[in-house]
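Protein chains: 2
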Amino acid sequence: MTITAEQVKQLREQTGAGMMECKKALSEAAGDVAKAIELLRKAGRAQADKRSGRTASEGLIDAYIHAGSRMGVLIEVNCETDFVARTDEFARLVRDLALQACAAGADYVRREDVPPARVEKEREIYRAQLENSGKPANVLDKIVEGKLAKFYSEVCLLEQPFIKDDKMTVQDLVQRASAKTGENIIVRRFVRFQLGQE
Amino acid sequence: MTITAEQVKQLREQTGAGMMECKKALSEAAGDVAKAIELLRKAGRAQADKRSGRTASEGLIDAYIHAGSRMGVLIEVNCETDFVARTDEFARLVRDLALQACAAGADYVRREDVPPARVEKEREIYRAQLENSGKPANVLDKIVEGKLAKFYSEVCLLEQPFIKDDKMTVQDLVQRASAKTGENIIVRRFVRFQLGQE
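Just so you know, the protein sequences line up as chains A and B, in that order.
Under the numbering used here, the first residue of the first sequence carries the number 93, and numbering increases by one thereafter.
Under the numbering used here, the first residue of the second sequence carries the number 93, and numbering increases by one thereafter.
If you want it as structure tokens, here you go:
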């Protein structure tokens with residue numbers, strides 16, 4: 093197991109432990125960073141509050157609080173360089189995305205994020221709605237998939253129509269910004285709080 | 093199974109379905125609200141996007157974005173009346189709590205929110221640190237519990253020293269506001285995003 097200087101450097105940054113200690117911990121953990129941190133902590137060599145970071149990425153964190161302060165969104169959008177992150181263009185995009193998630197009430201960024209159990213439950217409900225329709229099975233399947241597509245366009249931020257221009261989706265908006273800046277732009281995560289709701 | 097008028101009213105608000113339909117669904121579901129909503133949806137009588145709400149509570153949702161937009165917090169704090177929620181006093185409290193959670197890096201509101209597995213992992217690490225200390229078991233237990241108390245005061249928002257006055261805890265700050273307004277004030281939830289971290 094070869095431990096690279098880069099791995100040692102990252103572990104030092106994450107734990108505050110010495111170089112040789114980090115190297116030793118990484119060797120003992122066979123390169124597993126989480127395990128190495130645990131070893132260092134057990135040896136009393138790493139602080140509890142240092143977090144395991146992932147490879148740094150640039151971007152912005154922004155929030156949008158709806159008038160009346162009964163609803164709000166916190167969002168993280170990533171880009172490739174600090175240069176782009178600091179442009180007005182990028183800041184405007186992030187602000188629009190936070191506003192969109194708040195006003196249009198998205199639950200997920202993209203359809204891959206919807207839990208399979210929720211998708212299955214939706215399918216089950218659509219099938220039950222059509223139970224006595226007398227339509228053939230292949231037609232029913234098509235209708236169910238159509239309803240599911242509509243469901244995705246309601247709960248997934250990137251599939252929603254953009255509230256400021258419903259001729260495009262939110263994904264189109266992100267792609268447009270990506271083309272303009274020449275950087276990959278990723279909506280990484282958001283949360284939405286509504287007063288008194290789960 | 094008796095279904096009260098109040099239960100029917102709440103289900104109507106949540107689903108937009110008619111009164112008799114709600115009553116029937118509640119009877120069939122033996123009073124189980126989630127089940128009743130599912131029945132109504134299967135019958136095509138409830139909208140998919142209506143959410144199950146809990147009993148309304150007042151308060152504010154606020155956000156704090158750290159300078160540079162690389163860290164931010166979204167927070168919900170509840171009180172009992174809209175009157176208190178709209179006071180400057182309450183708004184200041186919520187703002188201070190968001191700032192605190194952001195700057196002091198809390199992970200949870202209160203110690204009951206820390207996952208048992210994380211507590212057990214901490215205990216295990218403290219015991220490993222003391223393994224060769226030669227101290228008797230009862231002394232070791234005390235030291236471990238002491239370290240755990242320190243851990244809680246680092247990761248639980250309410251147990252942290254208040255950043256604007258470290259002679260009091262955040263819990264003290266909330267209690268003070270509670271005494272002043274005469275209302276129960278509850279920090280319900282918060283999330284903290286840091287750029288490029290999980």
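Beta carbons are placed, not taken as given, at the ideal position from N, Cα and C, and that holds for glycine.
Owing to the predicted nature of the structure, the values given are computational and were not obtained by experimental measurement.
Is the Cβ of B:ILE157 closer than 8 Å to any Cβ of chain A?
-> Here residue 157 of chain B refers to the residue found at position 65 when the second sequence is read from its first residue. It does: the Cβ of B:ILE157 has a partner Cβ on chain A nearer than 8 Å.
Give me whichever residues DSSP pairs with B:ASP111 in a beta bridge.
-> The residue you call residue 111 of chain B lines up with position 19 of the second sequence. The amino acid occupying residue 111 of chain B in the given sequence is Met; Asp does not appear at that position. According to DSSP, which records beta bridges pairwise, B:MET111 is partnered with nothing at all.
Comparing the C-beta of A:GLN106 with each C-beta of chain B, is any distance below 8 Å?
-> Taking the first sequence and counting its residues from 1, one reaches residue 106 of chain A at position 14. No, because no Cβ of chain B sits closer than 8 Å to the Cβ of A:GLN106.
Three-state secondary structure (DSSP) at A:GLN99?
-> To locate residue 99 of chain A, count along the first sequence from 1; it is residue 7. A:GLN99 falls in the helix class under three-state DSSP.
Quick one: which chain A residues come within Cβ less than 9 Å of B:VAL283?
-> In the second sequence, residue 283 of chain B corresponds to position 191, counting from 1. Neighbours of B:VAL283 on chain A, chain order: LEU166, VAL283 and PHE285.
Give the single residue among B:GLU98, B:SER161 and B:PHE182 whose Cα lies nearest to the Cα of B:ASN170.
-> By 1-based counting over the second sequence, the position of residue 170 of chain B is 78. Selection B:GLU98, B:SER161 and B:PHE182 evaluated against B:ASN170 yields B:PHE182 as nearest (Cα-Cα).
Any C-beta of chain B sitting closer than 8 Å to the C-beta of A:GLY288?
-> In the first sequence, the residue the question calls residue 288 of chain A occupies position 196. Output row for A:GLY288: interface = yes.
Whole-number beta carbon distance between B:VAL176 and B:ARG273, since they are thought to touch under 8 Å = Taking the first residue of the second sequence as 1, we reach residue 273 of chain B at position 181. Taking the first residue of the second sequence as 1, we reach residue 176 of chain B at position 84. For clarity, residue 273 of chain B is Thr in the given sequence; the question names Arg instead. 5 Å between Cβ atoms; contact.
Closer than 8 Å to chain B by CB, A:LEU240 | Mapped onto the first sequence, residue 240 of chain A falls at position 148. No, no contact with chain B.
Per DSSP, which residues does A:ILE277 bridge with? Please list them.
-> Translated into the one-based positions of the first sequence, residue 277 of chain A becomes position 185. Paired residue(s): none; A:ILE277 is not in a bridge.
Looking at the structure shown, is A:VAL206 part of a helix, part of a strand, or coil, going by DSSP?
-> Walking along the first sequence from the start, residue 206 of chain A turns up at place 114. A:VAL206 falls in the coil class under three-state DSSP.
Closer than 9 Å by beta-carbon distance: list the chain E residues that pair up with B:LEU103, in chain order.
-> Here the protein chains are A and B, and chain E is not one of them.
Is the beta carbon of A:ASP154 less than 8 Å from the beta carbon of B:SER161?
-> The residue you call residue 154 of chain A lines up with position 62 of the first sequence. The residue you call residue 161 of chain B lines up with position 69 of the second sequence. For A:ASP154 and B:SER161, yes; Cβs fall inside 8 Å.
Leaving out five residues before and five after A:MET111 in sequence, what residues of the same chain have Cβ atoms less than 7 Å from its Cβ?
-> Counting from 1 along the first sequence, the entry for residue 111 of chain A is found at position 19. Within its own chain, the residues whose Cβ lies closer than 7 Å to the Cβ of A:MET111, once the five positions on either side in sequence are excluded, are VAL100 and ARG104, listed in chain order.
Should A:ARG133 be flagged as near chain B, meaning a C-beta pair shorter than 8 Å?
-> Counted from its first residue, the first sequence places residue 133 of chain A at position 41. Closer than 8 Å to some Cβ of chain B, the Cβ of A:ARG133 qualifies, so yes.
Nearest-angstrom Cα separation, counted from A:LYS115 out to A:ALA198 | Residue numbering aside, residue 198 of chain A sits at position 106 when the first sequence is read from its first letter. Residue numbering aside, residue 115 of chain A sits at position 23 when the first sequence is read from its first letter. One alpha carbon belongs to A:ALA198, the other to A:LYS115, and they sit about 45 Å apart.
Length-filtered (3 minimum) beta strand (DSSP E) runs lying within the region 216 to 274 of chain B | Correct list: 257 to 261.
Specify the secondary structure class of B:ALA284 as computed by DSSP and reduced to three states.
-> Locating residue 284 of chain B in the second sequence gives position 192, where the first residue counts as 1. At residue 284 of chain B the sequence reads Arg, which differs from the Ala that was named. In the three-state DSSP reduction, B:ARG284 falls in the strand class (E or B).
Who are the near neighbours of B:PHE285 in its chain, counting only those whose CB is closer than 6 Å to its CB and skipping five residues on each side?
-> Position 193 of the second sequence, counting from 1, holds the residue named residue 285 of chain B. Scanning its chain for C-beta atoms nearer than 6 Å, with the 5 sequence neighbours on each side dropped, one finds around B:PHE285 the residues GLY164, in chain order.
Are the Cβ atoms of B:GLY151 and B:GLU130 separated by less than 8 Å?
-> Stepping through the second sequence from its first residue, residue 151 of chain B is reached at position 59. Stepping through the second sequence from its first residue, residue 130 of chain B is reached at position 38. With respect to B:GLU130, B:GLY151 sits apart: the two C-beta atoms are not nearer than 8 Å.
Take the Cβ of B:ASP180 as the centre, count every other Cβ of all protein chains shown within 10 Å, and call the residue buried at 16 or more, exposed below.
-> Walking along the second sequence from the start, residue 180 of chain B turns up at place 88. B:ASP180 should be labelled exposed.
To the nearest angstrom, how far is it from the Cα of A:TYR218 to the Cα of B:GLN289?
-> Residue numbering aside, residue 218 of chain A sits at position 126 when the first sequence is read from its first letter. Residue numbering aside, residue 289 of chain B sits at position 197 when the second sequence is read from its first letter. For A:TYR218 and B:GLN289, the distance between alpha carbons rounds to 38 Å.
Expressed to the nearest angstrom, what Euclidean distance is found between the alpha-carbon atoms of A:ILE277 and B:ASN224?
-> Looking up residue 277 of chain A in the first sequence gives position 185. Looking up residue 224 of chain B in the second sequence gives position 132. Approximately 51 Å, taken between the alpha carbons.
Does B:LEU217 have its Cβ less than 8 Å from a Cβ in chain A?
-> Locating residue 217 of chain B in the second sequence gives position 125, counting from the first residue. Here the sequence assigns Ile to residue 217 of chain B, which means Leu is not the residue at that position. Chain A has a Cβ within less than 8 Å of the Cβ of B:ILE217.
Can you tell which of A:LEU287, A:GLY226 and A:VAL206 has its C-alpha closest to the C-alpha of A:PHE243?
-> Working through the first sequence from its first residue, we reach residue 243 of chain A at position 151. Checked all of A:LEU287, A:GLY226 and A:VAL206; the closest Cα to A:PHE243 is A:VAL206.
Beta-carbon separation (whole angstroms), A:LEU166 vs B:VAL283, contact threshold 8 Å = Here residue 166 of chain A refers to the residue found at position 74 when the first sequence is read from its first residue. Here residue 283 of chain B refers to the residue found at position 191 when the second sequence is read from its first residue. About 6 Å; that satisfies the 8 Å criterion.
Which residues in the same chain as B:ALA190 place their Cβ atom closer than 6 Å to its Cβ, once the five residues preceding and following it in sequence are excluded?
-> As a first step, residue 190 of chain B is located in the second sequence; it is residue number 98 there, counting from the start. Cβ within range, chain order: ASP154, TYR156, VAL165 and ILE167.
Inspect the beta-carbon positions of B:ALA209 and B:ILE255 and report whether they are closer than 8 Å.
-> As a working mapping, residue 209 of chain B is identified with position 117 in the second sequence. As a working mapping, residue 255 of chain B is identified with position 163 in the second sequence. Contact flag unset, no.
To the nearest angstrom, report how far apart A:GLU216 and B:THR96 are at their CA atoms.
-> On the first sequence, residue 216 of chain A is found 124 positions in, with the first residue counted as 1. On the second sequence, residue 96 of chain B is found 4 positions in, with the first residue counted as 1. Going from the Cα of A:GLU216 to the Cα of B:THR96 covers about 29 Å.
For A:ALA155, does the three-state DSSP call read helix, strand or coil?
-> As a working note, residue 155 of chain A is residue 63 in the first sequence. In this structure, A:ALA155 counts as strand in the three-state DSSP scheme.
What number of angstroms, rounded off, separates the C-alpha of B:TYR200 from the C-alpha of B:LEU240?
-> Here residue 200 of chain B is taken as the residue at index 108 of the second sequence, counted from 1. Here residue 240 of chain B is taken as the residue at index 148 of the second sequence, counted from 1. Rounded to whole angstroms, B:TYR200 to B:LEU240 spans 15 Å at the Cα level.
A:SER270 versus A:LEU287, A:LEU185, A:LEU232 and A:ARG281, residue with shortest Cα-Cα distance | Residue mapping note: residue 270 of chain A aligns to position 178 of the first sequence, counting from 1. The shortest C-alpha separation from A:SER270 is found at A:LEU185.
Could you say which of B:PRO228, B:GLY226, B:GLU204 and B:LEU249 lies nearest to B:ALA69 if we only look at CA atoms?
-> Nothing can be reported for residue 69 of chain B, as the shown portion of chain B is limited to 93 through 290.
Do B:GLN263 and B:GLU251 have their C-beta atoms closer together than 8 Å?
-> If you number the second sequence from 1, residue 263 of chain B lands on position 171. If you number the second sequence from 1, residue 251 of chain B lands on position 159. With respect to the 8 Å criterion, B:GLN263 and B:GLU251 are classified as neighbours on the basis of their beta carbons.
Could one say the Cβ of A:ALA220 lies closer than 8 Å to chain B's Cβ atoms, at least one of them?
-> Reading the first sequence from its first residue, position 128 is the one you call residue 220 of chain A. So yes, A:ALA220 belongs to the interface.
Cβ neighbours of A:LEU265 in the same chain (closer than 6 Å, five flanking residues each side left out) = Here residue 265 of chain A is taken as the residue at index 173 of the first sequence, counted from 1. The beta carbon of A:LEU265 is closer than 6 Å to those of PHE254 in its chain, skipping five residues each way along the sequence.
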